[in-house]
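One line per chain: the protein sequences are A and B, in this order. Mapped onto our numbering, the consecutive letters of the first sequence carry residue numbers 65 to 829. Mapped onto our numbering, the consecutive letters of the second sequence carry residue numbers 65 to 829. No residue lacks a Cβ here, since even glycine has one placed at the ideal position from N, Cα and C.
Number of protein chains: 2
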Amino acid sequence: MGGPADYAVIGKRTTRTDAVAKVTGEARYATDVYLPKMLWARVLRSPHAHARIVSIDTAKARRLPGVKAVLTAQDVPDARYGALVLDMGIFARDKVRYIGEAVAAVAAQDEETAAAAVKLIEVEYDPLPAVFDPLQAMQPGAPVLHENLKGYTTLFERTARAMSGNVNYQADIARGDVAAGFAESDHVFEDTYTVQKQHPSYMEPNSTVADVDADGRLVLYNTTQRPHINQAIVSALLGIPISRIRVVPCHVGGGFGGKNRTLTEPAAAALALKTRRPVRLTFSHEEEFTSATTRHAALIRLRTGVKRDGTLVASEISLYYDCGAYAPTPNAVWLGAISSTGPYRIPHVRVEAFSVYTNKMMGGAFRGYGVPQSNFARESQMDRIARELGIDPIELRLKNCIGAGERLHTGQRLHSARVRETLLRAREMVGWQGAQLGPNRALGVACGMFACGGFATSAIVRMNMDGTATVATGAMDMGQGLRTVMGQIAAETLGLEAADVTVVIGDTDLTPFDVGIFGDRGTHTAGQAVKLAAEDAREQLLASASVALGVAPGELLLGGKRVFARGAPERGLRYSDLLGGGQYKRGGPVIGKASINLTEEPFDPVLVRGAASKMFSTHTFATHIAEVEVDRATGAVKVLKVTAVHDCGTVINPDGLKGQIIGGLTSGLGYALYEDVVIESGQVMNPSFLECRPPAALDVPPVEFDTVEEFDSRGPFGAKGVGNVSVINVAPAVANAVEHAVGARVTSLPITPDKIVRALRAAEG
Amino acid sequence: MGGPADYAVIGKRTTRTDAVAKVTGEARYATDVYLPKMLWARVLRSPHAHARIVSIDTAKARRLPGVKAVLTAQDVPDARYGALVLDMGIFARDKVRYIGEAVAAVAAQDEETAAAAVKLIEVEYDPLPAVFDPLQAMQPGAPVLHENLKGYTTLFERTARAMSGNVNYQADIARGDVAAGFAESDHVFEDTYTVQKQHPSYMEPNSTVADVDADGRLVLYNTTQRPHINQAIVSALLGIPISRIRVVPCHVGGGFGGKNRTLTEPAAAALALKTRRPVRLTFSHEEEFTSATTRHAALIRLRTGVKRDGTLVASEISLYYDCGAYAPTPNAVWLGAISSTGPYRIPHVRVEAFSVYTNKMMGGAFRGYGVPQSNFARESQMDRIARELGIDPIELRLKNCIGAGERLHTGQRLHSARVRETLLRAREMVGWQGAQLGPNRALGVACGMFACGGFATSAIVRMNMDGTATVATGAMDMGQGLRTVMGQIAAETLGLEAADVTVVIGDTDLTPFDVGIFGDRGTHTAGQAVKLAAEDAREQLLASASVALGVAPGELLLGGKRVFARGAPERGLRYSDLLGGGQYKRGGPVIGKASINLTEEPFDPVLVRGAASKMFSTHTFATHIAEVEVDRATGAVKVLKVTAVHDCGTVINPDGLKGQIIGGLTSGLGYALYEDVVIESGQVMNPSFLECRPPAALDVPPVEFDTVEEFDSRGPFGAKGVGNVSVINVAPAVANAVEHAVGARVTSLPITPDKIVRALRAAEG
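This is the structure in structure tokens:
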């Protein structure tokens with residue numbers, strides 16, 4: 065396979081397909097959709113963390129002039145949805161399980177009437193004891209959120225077997241003999257880390273306009289990362305065939321995993337079906353902070369055995385992820401579990417990971433997807449080990465880092481893994497002479513690994529009569545630039561320029577199935593389907609040209625929208641002649657398609673007892689080095705620079721890559737230092753960007769980045785992903801830098817000034 | 065292959081997919097599209113039949129407040145479009161060639177301002193001699209409409225060779241030895257027939273709303289029978305890649321061939337690109353009658369040699385079709401030529417057919433597509449032959465009618481041909497005892513043949529996770545019910561019910577290429593692509609089930625959304641288990657596709673020298689018998705009943721078939737008796753439905769119909785078409801019945817009372 069130098073489009077700078085639309089303000093988001101006769105919906109939410117619903121009286125609300133419909137659980141099918149265990153309905157039924165849970169919804173002629181009607185719904189609750197801490201929730205006698213958990217439908221049989229009490233998902237991974245490993249070890253380190261809830265902080269709230277079209281089909285204009293799964297979930301919740309639902313995603317104003325949900329669609333759809341009018345349901349920003357999804361808060365215990373020379377021998381890992389009242393993505397816990405060794409070779413490993421219900425808003429998908437939690441723990445502990453053994457933190461990591469062809473503790477063999485090279489390049493870039501740079505100023509390093517890509521996707525590539533191409537993919541561009549990358553992939557494959565390719569995305573009527581954009585599967589997995597579909601089209605083009613030119617397909621080359629004989633470029637045909645004529649004269653239209661599932665290989669059941677025993681397609685790696693300065697008096701941390709080196713396979717769009725990395729780092733920085741969704745007795749105390757603030761542009765430090773390009777055989781042109789792995793190292797790198805700077809080790813995120821001051825006092829104490 | 069009795073969905077009554085939308089008024093037509101900030105366009109049209117444009121001054125129009133753009137030929141690329149010869153630009157350039165030709169267009173804030181601005185455009189013309197009759201136009205020294213005809217681009221090289229003077233297309237077909245044939249004949253009949261222009265009379269005018277979307281792509285909401293060809297034509301005329309144009313056809317309020325044009329799209333698009341605002345261009349009804357398309361007026365000469373016993377021996381056929389100032393579909397002349405023998409076996413044939421420019425509005429595609437003209441002549445003459453030889457008209461036809469496996473004069477072998485059975489069944493249905501029924505009351509019979517299907521098309525069938533299916537086809541439903549039929553075809557193939565299938569049509573972003581709906585290719589050709597794509601999906605489904613069940617694919621059956629083992633129905637899997645799980649667990653999504661071109665076989669070049677030497681896929685046949693009563697005093701004709709028997713292959717949707725047949729007969733009835741676009745010196749004198757009236761509901765006589773079902777190997781489940789063949793027999797059947805009733809032979813359409821009275825007076829001498 066050729067390297068980047070051989071490519072005409074791949075790895076070259078190109079204009080983002082959505083650039084003009086976004087800078088001119090013409091890009092249409094779901095909140096920009098206004099349909100004639102549209103109604104406005106509002107949701108009544110639970111004020112209780114845990115309570116039985118005794119009665120709901122909607123009569124007064126219904127009587128309010130301008131109110132067109134009021135729905136509760138009684139008015140919709142008793143169906144539930146979820147990723148592994150189907151636990152959540154459209155509205156609370158019999159019980160509420162967190163403050164902010166949807167109890168009823170109103171559609172009215174305007175927003176004010178809808179809001180007034182919500183206040184007229186009378187609900188009688190019988191409060192129940194609540195539980196807010198996952199470890200407490202796992203104790204015998206703790207309040208149980210889902211009494212009928214065992215009766216819920218699960219996607220995998222083994223998921224059901226692992227569920228019990230408030231544990232909705234459990235993963236166990238075992239490799240080697242942990243007891244023997246600890247016995248062999250010269251030192252055993254045991255630490256506990258805690259991490260907070262973090263909101264994805266997309267600027268655009270969740271929003272759906274639901275409409276019943278002239279053919280009686282349900283059409284949903286929404287903001288989502290997974291239109292085809294939305295379609296299937298709405299189908300299941302409302303009992304409508306998938307073919308009778310069309311999801312039309314608009315531009316996405318940020319998703320970061322948080323739009324891998326189906327939050328506004330079902331209620332908006334139910335109200336539209338009831339009223340036969342378009343219904344708009346848009347979350348308020350307060351609802352985003354109380355009733356959407358955050359990163360899982362978690363507690364991580366690591367017990368790690370090490371040889372005197374720093375060789376990692378054994379690790380016993382316990383992960384307790386707080387998923388809140390429902391479990392939209394327990395898979396994130398699985399990701400945390402499989403990444404919890406870090407990118408290191410550890411012969412003896414035992415992981416137990418739990419997704420636990422508590423009476424809080426939901427924890428779920430968010431950039432990093434379960435890994436920022438466990439990687440903060442692993443990489444913090446790595447620095448402790450380095451310090452206590454007197455080994456340079458980078459040397460310790462180099463000594464243990466895993467390579468291509470080796471197997472993870474899950475049994476999965478790594479296709480490509482250049483973590484070693486990321487460490488070496490990052491060390492070189494910062495001119496590493498040790499962590500400390502001066503008084504209160506230091507570097508901190510962290511490595512990370514993310515399981516990248518997989519699951520089912522498909523693509524269709526149609527050649528137009530003038531030789532241009534139209535690509536259809538169900539994979540969403542959620543602002544990460546996937547449309548641009550898809551166009552580059554198809555253009556390179558078909559001998560076209562990027563501008564010759566139009567990529568049609570999202571709309572379920574236009575596009576073939578994709579399972580959703582998460583887990584670094586956009587470029588790597590959905591992009592691979594586009595490449596294969598384009599290759600299918602190319603083969604048809606070559607076969608047709610072969611007949612027309614009398615040259616064997618293998619002796620034909622593509623370029624400049626022409627097919628020509630190798631060594632005789634004048635002996636050729638323009639695509640437009642082949643296709644324009646071809647539509648009439650020879651054979652049918654050229655349509656390429658690909659349908660793949662990069663999650664093929666089953667896990668070794670001896671090693672793994674997890675509820676989602678799935679291999680990911682490949683793995684991405686990164687090393688980040690943070691330079692910080694700490695004010696000893698106030699505990700204020702200033703991040704002066706972040707150096708980031710990624711192994712993301714072949715780079716397809718360099719500008720897009722840079723944007724992704726800076727975005728990921730920024731989110732990681734918020735996680736490290738600022739953000740926390742504070743919940744007291746189930747109540748979110750800071751439900752706004754202002755109070756729970758993500759980093760703003762001025763908080764972003766200078767970033768220096770580089771890549772160690774690598775050809776990954778499973779991705780298009782060797783590409784992997786970068787969206788998730790760019791998030792997961794910032795917090796441990798900052799924590800490690802802070803310790804090197806002032807000697808304060810903070811083991812709970814975020815690393816706020818008060819924690820540093822307390823740590824400093826304890827150290828001085 | 066199984067017969068209709070074996071089918072679960074094919075041949076069964078089903079609800080039309082557009083029924084509810086149309087009866088509730090929710091169906092959206094192009095004229096229902098209103099976009100924010102939309103401008104209104106109006107077109108300035110030529111008042112001259114033929115003139116040089118000396119100058120155009122748009123300054124006053126541009127200065128009118130509210131006017132946003134004024135475009136003439138100078139403002140758009142010098143590009144032309146057409147079907148075989150590319151002769152027509154967006155606006156007249158240098159010359160106008162008919163009264164009503166577009167000279168300039170205005171976009172303004174409202175319709176009134178646009179209309180006012182059009183009047184302010186000052187054009188100086190230098191009138192030229194005009195020619196209105198095709199035979200005159202073929203004379204040496206006649207005014208030439210297109211001086212640079214030889215310089216125009218043509219789709220086929222031979223098209224260019226045949227062009228000369230005002231002849232833009234010429235077809236010559238020769239079989240056997242005509243001179244020898246006439247020498248063998250006992251009688252030679254020589255007749256001339258003339259037919260008028262007929263407007264397609266769709267209720268919805270041509271309309272486009274053009275918009276430039278947020279990505280800078282051109283989006284056209286329009287009414288059309290051929291979205292993909294519209295897209296390509298707008299691309300060529302405006303120099304925009306096809307991939308940068310999206311055509312979104314709305315429900316079509318009637319097309320009948322007349323919407324196989326690209327009339328409003330290019331100017332609306334050019335104005336939208338100029339103003340960067342949505343622009344709506346809707347034809348007035350007057351514009352429809354002066355500047356759209358009619359059926360070609362024509363003069364047909366037949367010289368036919370016959371044996372004493374009625375055996376047809378030789379025929380010399382000359383067709384002169386008046387295509388007006390441009391030639392949007394000279395192919396219709398080709399259809400007339402290849403159908404001009406009627407469905408009869410004639411050993412010696414010579415056809416010469418001409419498409420001739422005149423300074424009139426265009427002649428082009430309209431239901432029947434060139435065949436109503438030549439079939440009126442052939443079937444009128446057949447009755448004359450029968451009368452003069454003293455043979456029963458049905459017996460004469462039975463004696464000569466062609467059968468499956470025989471070759472037409474073009475060399476094409478007939479795949480299926482049950483014209484004989486249609487004659488026998490029609491005779492039986494009317495209880496035929498001869499044509500005359502009583503004083504002034506008689507039956508008239510006519511047979512006909514239509515070349516059905518062909519050209520390129522494609523389809524995509526996606527299986528959804530719940531086992532339902534979504535079909536995409538570029539072929540349009542223009543009210544004929546094609547979506548319904550496509551759904552039945554996919555449902556039957558996939559073991560689903562019709563309601564389980566959603567058919568996505570038209571939108572060029574959603575659908576793969578189809579060349580357009582004309583020539584009975586909807587069900588037969590586009591439907592065949594749907595069937596093949598569904599079979600492709602079915603094979604994938606069976607392969608997946610085969611692995612899951614451990615049963616060979618050949619031993620699996622489909623039904624009730626399950627796959628199960630032959631003979632052991634309990635050993636099976638629901639589609640939803642196969643697919644819902646399959647999306648995650650096994651392989652990629654199920655996507656079937658098919659890409660075909662049913663126009664494969666070239667004509668024998670010895671026999672045929674035509675500009676479009678293409679074989680059609682198959683042929684449809686019909687016999688119609690009209691019962692009429694004629695008022696001798698007034699010449700008024702009352703059609704009492706029409707009996708119609710069709711050989712249309714397997715019937716897929718019985719109700720749809722009935723609708724098609726009644727619609728075709730009604731159009732044929734208008735052609736026979738009422739409709740005429742009267743043109744004097746190039747000016748349409750009756751440009752409205754009121755003045756040039758098509759039959760209304762009360763004019764439609766009782767229709768009795770039947771089919772002689774036949775399995776055609778090239779169509780889906782054996783289906784052929786019925787849209788065109790249902791039109792072509794009415795006029796000759798009525799003309800023949802009129803002669804049998806009162807002895808008046810009318811050889812020019814329409815058969816108006818004055819012509820009958822004149823014929824009666826002539827007969828009375």
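For a contact defined as C-beta to C-beta under 9 Å, what are the partners of S271/A on chain B? Within 9 Å Cβ-Cβ: nothing; S271/A doesn't reach chain B, min ~18 Å.
Considering Q500/A, what are the terminal residues of the beta strand (DSSP E) in which it resides? Unbroken beta strand (DSSP E) run through Q500/A: Q500 to G502.
is_contact[T521/B, chain A] using C-beta, thresh 8 Å: yes
Let me know if S265/B comes out buried or exposed under the rule of 16 or more other beta-carbons within 10 Å of its beta-carbon. Counting other Cβ atoms within 10 Å of its Cβ, S265/B reaches 16 or more and is therefore classed as buried.
Inter-stretch contact at 8 Å, needing at least 3 Cβ pairs: the stretch 419-428 of chain A / the stretch 338-350 of chain A: no
Mind checking if K625/B is an interface residue toward chain A, Cβ cutoff 8 Å exclusive? By this cut-off, K625/B is not an interface position.
Where DSSP assigns a beta bridge to A171/B, which residues make up the other side? A105/B and A133/B
Let me check understanding here. Comparing Cα to Cα, which of N661/B, H588/B and D641/B lies closest to G787/B? Selected option, being the one with the closest Cα: H588/B.
Can you have a look at A675/A and say buried or exposed, based on whether 16 or more other CB atoms are within 10 angstroms of its CB? With a pLDDT of only 43 at A675/A, under the threshold of 50, the placement of this residue in the model should not be trusted; the figure read from the coordinates follows. Answer is buried; the Cβ neighbour count reaches 16.
R489/B - containing alpha helix (DSSP H), residue span: V483 to V494
In the DSSP assignment, what are the bridge partners of Q747/B? Q747/B pairs with E744/B.
DSSP bridge partner residues for M527/B (one or two, in chain order): A533/B
Determine the direct distance from the alpha carbon of A799/A to that of V692/A, and round the result to whole angstroms. 10 Å
Can the beta-carbon of N286/B be found less than 8 Å from the beta-carbon of P313/B? yes
On the DSSP bridge list, what partners appear for E380/B? R367/B and R414/B
Apply the 10 Å Cβ neighbour rule to E492/B and answer buried if 16 or more other Cβ atoms are within range, or exposed otherwise. exposed
DSSP state of T218/B, grouped into three classes? Residue state, collapsed to three classes: strand.
Limits of the unbroken alpha helix (DSSP H) element including M446/B: V435 to L453
Which runs of the beta strand (DSSP E) spanning at least 3 residues fall entirely within the stretch 309-353 of chain B, listed in chain order? Along the length of the stretch 309-353 of chain B, whole beta strand (DSSP E) runs at least 3 residues long occupy 309-313 and 343-346, reported in chain order.
Anyone know if the C-beta pair for M550/A and T537/A falls short of 8 Å? yes
V170/A and A156/A look like a contact to me (Cβ under 8 Å); what is the Cβ gap, rounded to whole Å? Contact doesn't hold; Cβ gap of about 15 Å is too wide.
Report yes if the CB atom of L643/A is closer than 8 Å to the CB atom of V627/A, and no otherwise. no
So if I threshold CB-CB distances at 8 Å, which residues from the stretch 66-91 of chain B count as touching chain A? Cβ contacts with chain A: T81, D82, V84, A85, T88, E90 and A91.
Taking A823/A as part of the alpha helix (DSSP H), name the residues at either end of that continuous run. P817 to E828
Show which residues of chain B have a CB atom less than 7 Å away from the CB atom of F838/A. Shown here, chain A extends from 65 to 829; a query on residue 838/A therefore has no answer.
Under 7 Å Cβ-Cβ, which residues of chain A neighbour M529/B? A296 and I306
For S677/A and G651/B, what's the separation of their Cα atoms in angstroms? Because the pLDDT of S677/A is 46, which lies under 50, any placement of that residue in the model is unreliable, and the question is left without a value.
Relative to the alpha-carbon of T811/A, which residue among R365/A, V791/A and Q476/A has its alpha-carbon at the smallest distance? R365/A
Neighbour list for V568/A in chain B, Cβ cutoff strictly below 7 Å: Residues of chain B with a Cβ closer than 7 Å to the Cβ of V568/A are, in chain order, D573.
Contact defined as beta carbons within less than 8 Å: I believe F353/B pairs with V741/B. What is the distance between those atoms, to the nearest angstrom? 7 Å
Proximal residues to I553/A (C-beta, below 6 Å), its chain only, five neighbours per side dropped: G591, V594, K595 and P780
Just to confirm the assignment, what range does the beta strand (DSSP E) spanning Q724/B have? Where Q724/B is concerned, there is no enclosing beta strand (DSSP E), although the alpha helix (DSSP H) it sits in stretches over P718 to L733.
State the beta-bridge partners of Y93/B as determined by DSSP. H315/B
Among Q203/A, Q260/A, I293/A and E470/A, which has the Cα closest to the Cα of V579/A? I293/A
Does the Cβ of D584/A have 16 or more other Cβ atoms within 10 Å, making it buried, or fewer, making it exposed? By the Cβ-count criterion, D584/A is buried, with 16 or more other Cβ atoms from all chains shown falling within 10 Å of its own Cβ.
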